[in-house]
Amino acid sequence: EVAESVDMRTFPGAEYGPTAPPPSPARIQQINTEQCEPAVRRYLGPKFDPNSKFTVSMLWSGDRAWRQAGERRMLCGLQLPGPNNQQVAFKGKVAEIEQSKVWPAGTCLGIDSTTNQPVDVPVDCAAPHAMEVTGTVNLGEKFPTALPPEAEQDGFIKDACTKMTDAYLAPVKLRTTTLTLIYPTVSLPSWSAGSREVACNIGATLGNGGWATLVNSAKGQLLINGQAPVPPPDIPQERLTLPQIPVQVPTQQPSAPSQQTPSTPPGNQHLPNQQPVVTPTREPSAPATQAPAPQGPPPAPDGGAPPPADNPPPAEPAPVN
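For reference, each letter of the sequence shown is one residue, going 20 to 340 in my numbering.
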């Protein structure tokens, strides 16, 4: 799909002049990056997906037309890469169709032998490749409106890809292949462009950031860097169904408020080899220099008995005859 026609004769300098030699393949790649990528961005506008399955490409007339006819026009556009460096035909405009980078289950994606990095181009699974596609997840089914947070995407995709991969490989177990389940998430630019799908893949990464080279399908005679995978030992069934072991929590007995050292072993969980500060409880005692406690009033002479109640005065004595 052509996005823009670029006339190189309008460019300054002698590189595209009437007597200039044709550009080299390396220069063609540079022109594609410099001229066609911006042209495709302008063409698609908000529908531009930086992770699209369609790639930016350029068509030019070739060396003969360049030298003999002075042709300097180049066509910038989008194409869909296919197996064996062939382009795949598609219908409709790119801005109106799903651009997600997905393939049918069973598709194998190539590997660059010089960098050991995956190439998003399908290849025969009998040829060296980096990944094998096991399914496609549509996030729009779970999240029909706004772009979900990456953690929610990851949980949904992982669960769906695990089920699809198990079904694709059956009766082979993913564990026995020693491969790893790999999947991307959807970025905001891709979501804004309308992309909702991601591919579930299986592959193996190396410790240096590269990818292992696979040959044949994981469902068959798989080779990883030229060697057959060595399945890890099976987990015994009794280890998968271990009964629960009740944990007895010791009951702490209350300690007497005497001069007792704590039962904490040397060190604690925050500061190793350091004892916690504990203030022991001691019996109260009066210091020697403490002033005597104030004394109350002296006891009454009658031993502290309460005073008699008020009685009426005695009667006058009777007269004596």
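We put the CB at the ideal spot given by N, CA and C, even for glycine. All figures in this text were calculated on a predicted structure; none of them were measured in a lab.
| task | Compute the distance between the beta-carbons of residue 77 and residue 55, then report whether it is under 8 Å. | result | The residue labelled residue 77 in the question sits at position 58 within the sequence shown. The residue labelled residue 55 in the question sits at position 36 within the sequence shown. Yes.
| residue 169, buried or exposed, once every other Cβ within 10 Å from all chains shown has been counted against 16 | Against the sequence shown, residue 169 aligns to sequence position 150. That one is exposed.
| task | Consult DSSP for residue 308 and reduce its assignment to one of helix, strand or coil. | result | The count along the sequence shown starts at 1 and reaches residue 308 at position 289. Only weak support is given to the placement of residue 308: the predicted model assigns it a pLDDT of 47, under 50, and the value that follows is read from those uncertain coordinates. Three-state result, residue 308: coil.
| message | Within a Cβ cutoff of 8 Å, which residues of the same chain sit near residue 212, ignoring the five residues on either side of it in sequence? | response | Residue numbering aside, residue 212 sits at position 193 when the sequence shown is read from its first letter. If we look at residue 212 and ignore the five residues flanking it on each side, its Cβ neighbours are 63, 65, 66, 67, 68, 71 and 118.
| Considering only residues of the same chain and omitting the five flanking positions on each side of residue 147, which have a CB-CB separation below 8 Å? | Looking up residue 147 in the sequence shown gives position 128. Spatial neighbours of residue 147 in its own chain (CB-CB distance under 8 Å, excluding positions within 5 residues in sequence) are listed in chain order as 129, 130, 132, 232, 233 and 234.
| query | Just checking my contact of residue 217 with residue 156 at CB under 8 Å: how many whole Å lie between their CB atoms? | reply | As a first step, residue 217 is located in the sequence shown; it is residue number 198 there, counting from the start. As a first step, residue 156 is located in the sequence shown; it is residue number 137 there, counting from the start. The distance from the Cβ of residue 217 to that of residue 156 is about 5 Å, consistent with a contact at the 8 Å cut-off.
| field | Rounded C-alpha distance that separates residue 179 from residue 89 | value | Here the question's residue 179 lines up with position 160 in the sequence shown. Here the question's residue 89 lines up with position 70 in the sequence shown. Cα to Cα, residue 179 sits roughly 55 Å from residue 89.
| request: Give the C-beta separation of residue 25 and residue 92 to the nearest angstrom, bearing in mind that I take them to be a contact with Cβ-Cβ under 8 Å. | output: Counting from 1 along the sequence shown, the entry for residue 25 is found at position 6. Counting from 1 along the sequence shown, the entry for residue 92 is found at position 73. Confirmed, Cβ separation roughly 7 Å.
| request: Please classify residue 53: is it buried, with 16 or more other beta-carbons within 10 angstroms of its beta-carbon, or exposed? | output: For the purposes of this step, residue 53 is taken as residue 34 along the sequence shown, with counting starting at 1. By the 10 Å Cβ count, residue 53 comes out exposed.
| field | Span of the alpha helix (DSSP H), counted from its first residue to its last, around residue 188 | value | Taking the sequence shown and counting its residues from 1, the one referred to as residue 188 is at position 169. First-last of the alpha helix (DSSP H) with residue 188: 169-188.
| task | Give the DSSP-derived three-state secondary structure of residue 90 in the structure shown. | result | Residue 90 sits at position 71 when you count from the first residue of the sequence shown. Coil.
| field | CB contact flag (residue 140, residue 219, <8 Å) | value | As a position in the sequence shown, residue 140 is number 121, starting the count at 1. As a position in the sequence shown, residue 219 is number 200, starting the count at 1. Contact: no.
| When we look at the beta-carbon of residue 32 and count the other beta-carbons within 10 Å, is it buried (16 or more) or exposed? | By 1-based counting over the sequence shown, the position of residue 32 is 13. Flag for residue 32 reads exposed.
| field | First and last residue of the uninterrupted beta strand (DSSP E) at residue 221 | value | To locate residue 221, count along the sequence shown from 1; it is residue 202. That run of the beta strand (DSSP E) goes 216-222.
| task | For residue 127, collect the residues of the same chain with a Cβ closer than 6 Å to its Cβ; drop the 5 residues on either side in sequence, then sort them by chain order. | result | Locating residue 127 in the sequence shown gives position 108, counting from the first residue. Only 142, 144, 148 and 151 meet the Cβ criterion.
| query | Are the beta-carbon atoms of residue 215 and residue 159 separated by less than 8 Å? | reply | Against the sequence shown, residue 215 aligns to sequence position 196. Against the sequence shown, residue 159 aligns to sequence position 140. Yes, the Cβ-Cβ distance between residue 215 and residue 159 is below 8 Å.
| query | Does DSSP classify residue 160 as helix, strand or coil? | reply | Here residue 160 is taken as the residue at index 141 of the sequence shown, counted from 1. Helix.
| field | Cβ-based burial, residue 254 [other Cβ within 10 Å; buried from 16] | value | Along the sequence shown, read from residue 1 onward, the residue named residue 254 stands at position 235. Residue 254 comes out exposed.
| DSSP state of residue 85, grouped into three classes? | Numbered from 1 along the sequence shown, position 66 holds the residue referred to as residue 85. Here residue 85 sits in helix by DSSP.
| field | Whole-Å CB distance - residue 99 paired with residue 73, under 8 Å assumed | value | Along the sequence shown, one-based indexing puts residue 99 at 80. Along the sequence shown, one-based indexing puts residue 73 at 54. About 6 Å; that satisfies the 8 Å criterion.
| query | Quick one: complete alpha helix (DSSP H) runs, 4+ long, within the region 32-113? | reply | 44-50 and 56-63
| request: List the residues that DSSP assigns as beta-bridge partners of residue 230. | output: Translated into the one-based positions of the sequence shown, residue 230 becomes position 211. According to DSSP, which records beta bridges pairwise, residue 230 is partnered with 224.
| said: Between 205, 201, 196 and 226, which has its C-alpha nearest residue 240's C-alpha? | reply: Translated into positions along the sequence shown, residue 240 becomes position 221. The shortest C-alpha separation from residue 240 is found at 196.
| request: Spatial neighbours of residue 203 within its chain, please: CB distance less than 7 Å, with the 5 preceding and 5 following residues excluded, ordered by chain position. | output: Mapped onto the sequence shown, residue 203 falls at position 184. Result list for residue 203: 217, in chain order.
| field | Sequence-distant residues of its chain with Cβ nearer than 7 Å to residue 43 (five each side left out) | value | For the purposes of this step, residue 43 is taken as residue 24 along the sequence shown, with counting starting at 1. Within the same chain, residue 43 has no close Cβ partners at all.
| task | Count the other CB atoms, across all protein chains shown, that sit within 10 Å of the CB of residue 222; report buried if there are 16 or more and exposed otherwise. | result | Along the sequence shown, one-based indexing puts residue 222 at 203. Under this definition residue 222 is a buried residue.
| query | Would DSSP call residue 20 helix, strand or coil? | reply | Looking up residue 20 in the sequence shown gives position 1. Three-state result, residue 20: coil.
| message | residue 96 and residue 34 - do their beta-carbons sit closer together than 8 Å? | response | Looking up residue 34 in the sequence shown gives position 15. Looking up residue 96 in the sequence shown gives position 77. Residue 34 is not a Cβ neighbour of residue 96, given a cutoff of 8 Å.
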